[in-house]
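Student:
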Amino acid sequence: MVGAITPSTKLSQLVSTAAPKLANHRGIRLVGDLLEFWPRRYLEHTADLGTLHVGMYVVAVATVKAAATRPMKNRRGEMLTVTITDGAHEVDLVFFKAWGHRDALVPGTTALFAGTVGMYRGRWQLAHPAYQVMHGGLGEAATDRGPIPVYLQVKGMQNWAVAECVRLTLDQLDDLPDPVPAELLRRRGLPGRLEALRGIHVPAEMAQVHLARRRMRYEEALVLQTLLAQRRAESARQHTAIARTPGPGGLLDAFDARLPFELTAGQREIGATLAREMSADTPMNRLVQGEVGSGKTVIALRAMLAAVDAGGQAALLAPTEVLAAQHHRSITAMLGDLAERGMLGGSEVGTQVALLTGSQSTAARRKTLLDLASGEAGIVIGTHALIQEHVQFFDLALVVVDEQHRFGVEQRDAMRDKAKHPPHVLVMTATPIPRTVAMTVFGDMETSTLTELPRGRAPITTHVVPTDNPRWVERTWERIAEEVRTGRQAYVVCPRIVDTAESEDSRAGVSDEEVPDAPVTGDDGELDDGEAAEPVAPRAWASVLAVVEQLRSDPALDGITIDVLHGRMTPEDKDAAMARFTRGETGILVSTTVIEVGVDVANATVMVVMDADRFGVSQLHQLRGRVGRGGHPGLCLLMTGAEADGGARERLEAVAATSDGFALAQLDLELRGTGDVLSGRQSGGGRSTRGMGRGSFRFLSLVRDEELIVQAREDAAELVAADPGFAAHPELAAAVAERLDAEQAAFLERG
Numbered sequence: 001m002v003g004a005i006t007p008s009t010k011l012s013q014l015v016s017t018a019a020p021k022l023a024n025h026r027g028i029r030l031v032g033d034l035l036e037f038w039p040r041r042y043l044e045h046t047a048d049l050g051t052l053h054v055g056m057y058v059v060a061v062a063t064v065k066a067a068a069t070r071p072m073k074n075r076r077g078e079m080l081t082v083t084i085t086d087g088a089h090e091v092d093l094v095f096f097k098a099w100g101h102r103d104a105l106v107p108g109t110t111a112l113f114a115g116t117v118g119m120y121r122g123r124w125q126l127a128h129p130a131y132q133v134m135h136g137g138l139g140e141a142a143t144d145r146g147p148i149p150v151y152l153q154v155k156g157m158q159n160w161a162v163a164e165c166v167r168l169t170l171d172q173l174d175d176l177p178d179p180v181p182a183e184l185l186r187r188r189g190l191p192g193r194l195e196a197l198r199g200i201h202v203p204a205e206m207a208q209v210h211l212a213r214r215r216m217r218y219e220e221a222l223v224l225q226t227l228l229a230q231r232r233a234e235s236a237r238q239h240t241a242i243a244r245t246p247g248p249g250g251l252l253d254a255f256d257a258r259l260p261f262e263l264t265a266g267q268r269e270i271g272a273t274l275a276r277e278m279s280a281d282t283p284m285n286r287l288v289q290g291e292v293g294s295g296k297t298v299i300a301l302r303a304m305l306a307a308v309d310a311g312g313q314a315a316l317l318a319p320t321e322v323l324a325a326q327h328h329r330s331i332t333a334m335l336g337d338l339a340e341r342g343m344l345g346g347s348e349v350g351t352q353v354a355l356l357t358g359s360q361s362t363a364a365r366r367k368t369l370l371d372l373a374s375g376e377a378g379i380v381i382g383t384h385a386l387i388q389e390h391v392q393f394f395d396l397a398l399v400v401v402d403e404q405h406r407f408g409v410e411q412r413d414a415m416r417d418k419a420k421h422p423p424h425v426l427v428m429t430a431t432p433i434p435r436t437v438a439m440t441v442f443g444d445m446e447t448s449t450l451t452e453l454p455r456g457r458a459p460i461t462t463h464v465v466p467t468d469n470p471r472w473v474e475r476t477w478e479r480i481a482e483e484v485r486t487g488r489q490a491y492v493v494c495p496r497i498v499d500t501a502e503s504e505d506s507r508a509g510v511s512d513e514e515v516p517d518a519p520v521t522g523d524d525g526e527l528d529d530g531e532a533a534e535p536v537a538p539r540a541w542a543s544v545l546a547v548v549e550q551l552r553s554d555p556a557l558d559g560i561t562i563d564v565l566h567g568r569m570t571p572e573d574k575d576a577a578m579a580r581f582t583r584g585e586t587g588i589l590v591s592t593t594v595i596e597v598g599v600d601v602a603n604a605t606v607m608v609v610m611d612a613d614r615f616g617v618s619q620l621h622q623l624r625g626r627v628g629r630g631g632h633p634g635l636c637l638l639m640t641g642a643e644a645d646g647g648a649r650e651r652l653e654a655v656a657a658t659s660d661g662f663a664l665a666q667l668d669l670e671l672r673g674t675g676d677v678l679s680g681r682q683s684g685g686g687r688s689t690r691g692m693g694r695g696s697f698r699f700l701s702l703v704r705d706e707e708l709i710v711q712a713r714e715d716a717a718e719l720v721a722a723d724p725g726f727a728a729h730p731e732l733a734a735a736v737a738e739r740l741d742a743e744q745a746a747f748l749e750r751g
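Here it is, written out as structure tokens:
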């Protein structure tokens with residue numbers, strides 16, 4: 001942060017009046033805050049007055065075309081009316097006291113005008129606007145050659161007053177501490193920090209602005225990537241794991257020999273990477289991401305079998321009981337007698353696969369706990385019940401976390417503490433993560449990506465169904481009936497369990513899996529032109545209990561068995577409902593998003609998502625991945641009452657247009673923001689009051705700045721390897737320390 005400066009007389013006068021307004025309305029209290037209050041845009045010495053609307057706060061350069069005074073009818077004095085133009089469009093100005101303005105605003109005068117747009121007798125009008133005449137420049141703050149900075153409005157201050165504050169502050173500075181080492185500035189062709197700030201606030205040309213902004217975004221990326229590189233290096237130095245190398249002829253070899261399908265090239269490559277890292281004495285810490293159905297479970301299972309072969313145990317942590325039970329069924333089915341060691345007919349090289357959830361009977365739970373503590377169970381699959389204090393392992397070698405975004409850092413940390421030695425950690429997600437996010441949110445993990453789908457995976461067709469078209473809605477249920485009567489099954493997903501009126505009162509009792517991952521719209525309610533966003537009237541959400549009654553009374557679905565599944569059901573009832581659906585006894589399952597991840601029913605081919613606009617892009621992609629898993633083509637129908645020309649419909653059309661999860665993840669990132677990547681908040685995020693960044697960034701954009709983030713990651717790794725303590729780069733060390741507050745440090749320590 002920039003320290004105190006010796007102000008000039010003019011700066012002292014300006015600060016005395018401007019400082020309270022900057023502090024109260026924009027949180028600007030320090031010199032560093034002011035310098036990081038970037039202009040939102042820039043004006044050349046011409047302006048476009050053709051894009052106005054009533055209520056808009058406009059800042060524009062224009063020329064006086066005409067000016068006239070006349071007496072006012074109902075009070076003494078004269079009013080001044082002025083017409084200004086940008087060469088193509090005109091706006092009228094009105095001053096109810098002509099004195100002081102008449103001599104300044106004569107035809108031919110060019111000035112910077114600022115005010116709120118109104119309409120009078122069919123013409124655009126600014127009533128008593130602020131202005132500053134340009135005499136070869138914009139006062140002392142700009143010349144007629146340079147772009148004019150336009151800042152986010154500060155109540156009680158004109159734009160040029162903010163610009164003058166920044167310019168006078170910069171004039172007092174001879175140099176600034178620079179976190180970016182000089183050799184990196186030269187390598188990347190970037191200016192020093194003070195030069196960059198001058199280029200942002202008092203540029204001679206727009207090219208200078210672009211280069212200066214790039215430099216500041218690179219600095220932010222470098223500080224964050226240096227922090228993450230330090231953590232990777234520190235972890236490698238301090239934590240020693242036990243190498244887990246499976247011997248030949250063991251459980252893994254037996255499993256591979258009986259696989260009924262061929263692993264994809266991606267599965268083989270990632271499997272080899274995991275084997276290599278688990279055979280080292282540094283704990284593996286790897287994220288594997290891939291599309292729904294890309295085969296992550298097989299990769300994780302082979303890693304768990306390798307851990308068991310090497311004498312250890314493996315635990316798979318799942319976010320819901322439904323998913324944990326699904327994993328247990330599928331893994332035991334894939335292993336067959338290899339999961340029945342000690343039982344009649346069980347393989348001698350096999351192991352036991354245990355399940356631990358909160359709803360188990362006391363006897364089943366006691367047996368699982370004993371098998372884990374004794375080492376009899378080589379693999380355990382469970383929910384949050386695994387992290388409870390009384391759960392003990394004989395030798396936990398590998399922790400697999402499925403759908404990591406569903407867990408808090410404390411829960412993952414507690415799982416690591418179950419091991420006698422630092423365990424290897426494998427994190428899986430079927431929510432595709434843009435590369436920029438992977439390099440920041442998961443910057444202290446290595447990342448592998450599965451891009452292939454296993455052979456036989458059927459395509460999924462997606463359509464948007466507007467609820468204002470009754471025939472399309474009717475046809476939706478007819479299509480469901482046709483599919484079910486041919487022997488297939490269908491999901492109907494709702495954002496609520498009960499109707500809106502009832503559920504609002506009991507929202508606190510609903511688990512996170514019931515709450516749609518709705519997109520974030522707007523930045524703290526503020527639009528780009530400074531207006532407050534109009535509140536959107538709430539629309540009633542479709543609920544499971546209401547929809548199931550509607551479908552049971554629909555003649556098109558007569559005779560079809562319809563069941564429900566949601567998070568408020570008892571664990572026994574949830575298991576029973578899922579079992580009936582898995583066995584094919586249920587034709588249509590009306591559910592909340594509890595089926596979003598992991599549920600694998602090969603016979604399910606159709607999904608209808610009610611009020612689909614209530615869900616985020618990535619969540620919709622996850623949901624539709626539940627159908628088309630058994631070789632039969634899948635169909636996903638996104639039902640919505642959103643306006644045809646609104647942003648919500650555009651999102652749904654984007655989901656319908658592509659099955660590329662990574663393209664949709666990038667779209668989701670652009671729509672939702674990134675959240676705070678150094679805290680537990682995983683999505684959303686408003687605009688910084690001190691800059692143009694989103695989420696935990698002031699300047700950097702994970703949407704557009706991938707190249708800079710890649711460069712910063714490479715440079716940070718090189719710096720940390722050469723100088724771990726940053727003895728030669730104290731400014732960078734200070735910037736990292738400032739970036740990492742206590743809460744963020746705890747997050748990274750656990751994560």
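Going by the UniProt record's numbering, the letters in the sequence shown line up with residues 1 to 751, in that order. Don't be surprised by glycine CBs; every beta carbon is placed ideally from N, CA and C.
(1) Can you list, in chain order, the residues of its chain with a C-beta nearer than 7 Å to that of residue 451? Leave out the 5 residues immediately preceding and following it.
(2) In whole angstroms, what separates the C-alpha of residue 564 from that of residue 557?
(3) Mapping the DSSP letters down to three states, classify residue 178 as helix, strand or coil.
(4) Check this for me: beta carbons of residue 252 and residue 309, under 9 Å apart or not?
(5) On the CB-based measure, 16 or more other CB atoms within 10 Å of its CB, does residue 333 come out buried or exposed?
(6) For residue 571, I'd like the list of residues in its chain whose CB is within less than 8 Å of its CB, leaving aside the five on either flank, ordered along the chain.
(7) List the endpoints of the continuous alpha helix (DSSP H) containing residue 568.
(8) Is the Cβ-Cβ distance between residue 126 and residue 108 less than 9 Å?
(9) Tell me the DSSP secondary structure of residue 492 in three-state form.
(10) For residue 371, does the count of other Cβ atoms within 10 angstroms reach 16, so buried, or fall short, so exposed?
(11) Is the Cβ-Cβ distance between residue 618 and residue 665 less than 9 Å?
(12) Look at the alpha carbon of residue 449 and the alpha carbon of residue 33, and state the distance between them as a whole number of angstroms.
(13) For residue 283, which three-state DSSP category applies?
(14) Taking only runs of the beta strand (DSSP E) that begin and end inside the UniProt domain "Helicase C-terminal" (526–670), which ones reach a length of at least 3 residues, in chain order?
(15) Among 84, 77, 21 and 75, which residue has its Cα nearest to the Cα of residue 49?
(16) Within a Cβ cutoff of 7 Å, which residues of the same chain sit near residue 199, ignoring the five residues on either side of it in sequence?
(17) With contact counted as at least three CB pairs below 8 Å, one residue from each stretch, are the segment 228–241 and the segment 280–293 in contact?
(18) Note down, in chain order, each residue of its chain lying with its Cβ closer than 8 Å to the Cβ of residue 98, except the 5 sequence neighbours on either side.
(19) Less than 9 Å separating the beta-carbons of residue 465 and residue 639?
(20) Could you check what DSSP says for residue 384 in three-state terms: helix, strand or coil?
(21) Taking 6 Å as the limit between beta carbons, can you name the residues of its chain near residue 733, skipping five residues before and five after?
(22) Could you name each continuous alpha helix (DSSP H) segment of 4 residues or more that falls completely within the segment 337–386, going from the start of the chain to the end?
(23) Put residue 703 into one of helix, strand or coil per three-state DSSP.
(24) Tell me whether residue 95 sits in a helix, a strand or coil according to DSSP, three-state version.
(25) Quick check on residue 114: does DSSP put it in helix, strand or coil?
(26) Find the nearest neighbour of residue 159 within the set 43, 636, 24 and 54, judged by alpha-carbon distance.
(27) Would you list the residues sitting across from residue 461 in a DSSP beta bridge?
(28) Just to confirm, is the Cβ distance from residue 313 to residue 396 under 9 Å?
(29) Label residue 54 either buried or exposed according to how many other C-beta atoms from any shown protein chain fall within 10 Å of its C-beta, with 16 as the threshold for buried.
(30) Looking at residue 225 and residue 433, is the spacing between their C-beta atoms short of 9 Å?
(31) Where does residue 261 land, buried or exposed, given buried means 16+ other C-beta within 10 angstroms?
(32) Given that a residue counts as buried once 16 or more other Cβ atoms are within 10 Å of its Cβ, and exposed if not, what is residue 585?
(33) Taking Cβ positions, are residue 460 and residue 568 nearer each other than 9 Å?
(34) Please classify residue 428: does DSSP put it in a helix, a strand, or coil?
(35) Do residue 287 and residue 402 come within 9 Å of each other at the CB atom, strictly closer than that value?
(36) Specify the secondary structure class of residue 479 as computed by DSSP and reduced to three states.
Tutor: On the basis of the coordinates in this document:
(1) Indexing the sequence shown from 1 puts residue 451 at position 451. 266, listed in sequence order.
(2) Walking along the sequence shown from the start, residue 564 turns up at place 564. Walking along the sequence shown from the start, residue 557 turns up at place 557. Roughly 15 Å between the two C-alpha positions.
(3) Position 178 of the sequence shown holds residue 178. Assigned with DSSP and collapsed to three states, residue 178 falls in coil, not helix or strand.
(4) Counting from one through the sequence shown, the residue named residue 252 turns up at place 252. Counting from one through the sequence shown, the residue named residue 309 turns up at place 309. Closer than 9 Å, so yes.
(5) In the sequence shown, counting from the first residue as 1, residue 333 sits at position 333. Counting Cβ neighbours within 10 Å, residue 333 comes out exposed, since fewer than 16 surround it.
(6) Here residue 571 refers to the residue found at position 571 of the sequence shown. Excluding sequence neighbours, residue 571 sits near 321, 357, 358 and 359.
(7) To locate residue 568, count along the sequence shown from 1; it is residue 568. No alpha helix (DSSP H) contains residue 568, which DSSP labels as neither H nor E.
(8) As a working mapping, residue 126 is identified with position 126 in the sequence shown. As a working mapping, residue 108 is identified with position 108 in the sequence shown. Contact flag unset, no.
(9) In the sequence shown, the residue the question calls residue 492 occupies position 492. In this structure, residue 492 counts as strand in the three-state DSSP scheme.
(10) Locating residue 371 in the sequence shown gives position 371, counting from the first residue. Counting Cβ neighbours within 10 Å, residue 371 comes out buried, since at least 16 surround it.
(11) In the sequence shown, residue 618 corresponds to position 618, counting from 1. In the sequence shown, residue 665 corresponds to position 665, counting from 1. Closer than 9 Å, so yes.
(12) Walking along the sequence shown from the start, residue 449 turns up at place 449. Walking along the sequence shown from the start, residue 33 turns up at place 33. Looking at the two C-alpha atoms, the distance is approximately 39 Å.
(13) Reading the sequence shown from its first residue, position 283 is the one you call residue 283. For residue 283, the secondary structure class from DSSP, reduced to helix, strand or coil, is coil.
(14) Listed in chain order, the complete beta strand (DSSP E) runs (minimum 3 residues) inside the UniProt domain "Helicase C-terminal" (526–670) are 562–565, 588–591, 604–609 and 634–640.
(15) Counted from its first residue, the sequence shown places residue 49 at position 49. Looking only at 84, 77, 21 and 75, the smallest Cα-Cα distance to residue 49 is reached by 84.
(16) Residue numbering aside, residue 199 sits at position 199 when the sequence shown is read from its first letter. Hits under 7 Å: 191, 208, 209, 211 and 212.
(17) A contact exists between the segment 228–241 and the segment 280–293.
(18) Translated into the one-based positions of the sequence shown, residue 98 becomes position 98. 69, 77, 78, 79 and 80, listed in sequence order.
(19) By 1-based counting over the sequence shown, the position of residue 465 is 465. By 1-based counting over the sequence shown, the position of residue 639 is 639. For residue 465 and residue 639, yes; Cβs fall inside 9 Å.
(20) Translated into the one-based positions of the sequence shown, residue 384 becomes position 384. Helix at residue 384.
(21) Numbered from 1 along the sequence shown, position 733 holds the residue referred to as residue 733. Excluding residues within five positions, the ones whose Cβ falls inside 6 Å are 726.
(22) Inside the segment 337–386, DSSP marks whole alpha helix (DSSP H) runs of 4 or more residues at positions 362–374, from first to last along the chain.
(23) For the purposes of this step, residue 703 is taken as residue 703 along the sequence shown, with counting starting at 1. Correct three-state label for residue 703: coil.
(24) In the sequence shown, the residue the question calls residue 95 occupies position 95. Correct three-state label for residue 95: strand.
(25) Numbered from its first residue, the sequence shown carries residue 114 at position 114. In the three-state reduction of the DSSP assignment, residue 114 falls in the strand class.
(26) Start at 1 with the first residue of the sequence shown, and residue 159 comes out as number 159. The shortest C-alpha separation from residue 159 is found at 43.
(27) The residue labelled residue 461 in the question sits at position 461 within the sequence shown. As DSSP reads the structure, residue 461 sits in a beta bridge with 635.
(28) Against the sequence shown, residue 313 aligns to sequence position 313. Against the sequence shown, residue 396 aligns to sequence position 396. Yes; because the gap between Cβ atoms is below 9 Å, this pair is in contact.
(29) By 1-based counting over the sequence shown, the position of residue 54 is 54. The Cβ neighbour count for residue 54, taken over all protein chains shown within 10 Å, is under 16; the residue is labelled exposed.
(30) By one-based count along the sequence shown, residue 433 stands at place 433. By one-based count along the sequence shown, residue 225 stands at place 225. Contact check for residue 433 against residue 225 fails: the beta carbons are separated by 9 Å or more.
(31) Walking along the sequence shown from the start, residue 261 turns up at place 261. Burial call: exposed.
(32) Working through the sequence shown from its first residue, we reach residue 585 at position 585. Per the 10 Å Cβ criterion, exposed.
(33) Counting from 1 along the sequence shown, the entry for residue 460 is found at position 460. Counting from 1 along the sequence shown, the entry for residue 568 is found at position 568. The Cβ atoms of residue 460 and residue 568 lie no closer than 9 Å to each other.
(34) Your numbering for residue 428 matches position 428 in the sequence shown. Of the three classes helix, strand and coil, the one that applies to residue 428 here is strand, per DSSP.
(35) By one-based count along the sequence shown, residue 402 stands at place 402. By one-based count along the sequence shown, residue 287 stands at place 287. Contact: no.
(36) Reading the sequence shown from its first residue, position 479 is the one you call residue 479. Helix.
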